[in-house]
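Numbering (the working numbering), first residue to last: 780 to 925.
For every residue, glycine included, the Cβ atom is placed at its ideal position computed from N, Cα and C.
Contents: one structure, followed by commentary.
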């Protein structure tokens, strides 16, 4: 028998409710990757993914400022979320050789600072996009398999 804390139950419910939207985002990213392939700049993939989300009617915001609250004051320290989908899922775009732990740390930091629970890390510089996808859930220590 597994006993969940209230916080664990909340995280589990958040993941469950976000699965459909996460799948839609990944589907849009796959379409962009199929059309463009690897090897382009991060900004290109970001713009094209935003276009694909628009085509699919998925609401998003691009280059969302992430302030740092310090002693009751929000400070603009230059952090920006690449894309936030439906005010709920943070999407960080990469176009690099391979995802490293520093990229996971960046995503988790952005989730914490921005108040989001779910984050997608998408590296377009891979032959198969499934090898460049990671989903992170704030409050879970392990990677969530897609």
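Worksheet item: Which whole-angstrom value describes the C-beta separation of residue 915 and residue 801, a residue pair presumed to lie in contact below a C-beta threshold of 8 Å?
Response: Here residue 915 is actually not in contact with residue 801; their C-beta atoms are around 11 Å apart, not less than 8 Å.
Worksheet item: Considering only the beta carbon of each residue, do residue 886 and residue 900 sit closer than 7 Å?
Response: The answer is yes: Cβ separation under 7 Å.
Worksheet item: Skipping 5 residues on each side, what residues in its chain have a beta carbon closer than 7 Å to that of residue 797?
Response: Within the same chain, residue 797 has close Cβ partners 867, 868, 897.
Practice prompt. Round the Cβ separation of residue 825 and residue 807 to the nearest angstrom and send it over; I've been treating them as touching at under 8 Å.
Written response: Contact annotation, residue 825 with residue 807: C-beta distance approximately 12 Å; criterion of less than 8 Å not satisfied.
Worksheet item: Hey, residue 861 and residue 871 are a contact pair by Cβ (cut 8 Å); roughly how many whole angstroms apart?
Response: About 5 Å; that satisfies the 8 Å criterion.
Worksheet item: Under the rule that 16 or more other beta-carbon atoms within 10 Å means buried, what is residue 804, buried or exposed?
Response: So residue 804 ends up on the buried side.
Fill in: According to DSSP, residues forming a beta bridge with residue 898
Partner residues in the beta bridge of residue 898, as assigned by DSSP, are 869, 915.
Discussion item. Which residue marks the beginning of the alpha helix (DSSP H) containing residue 821, and which one marks its end?
Written reply: Its alpha helix (DSSP H) spans residues 821 to 834.
Worksheet entry | Same chain only: Cβ atoms within 8 Å of residue 876, ignoring 5 sequence neighbours per side | Short of 8 Å from the beta carbon of residue 876, and not among the five residues preceding or following it, lie these beta carbons of its own chain, in chain order: 904.
Worksheet item: Given a threshold of 16 other Cβ atoms within 10 Å of its Cβ, counted over all protein chains shown, does residue 910 qualify as buried or as exposed?
Response: Its Cβ having fewer than 16 others within 10 Å, residue 910 is exposed.
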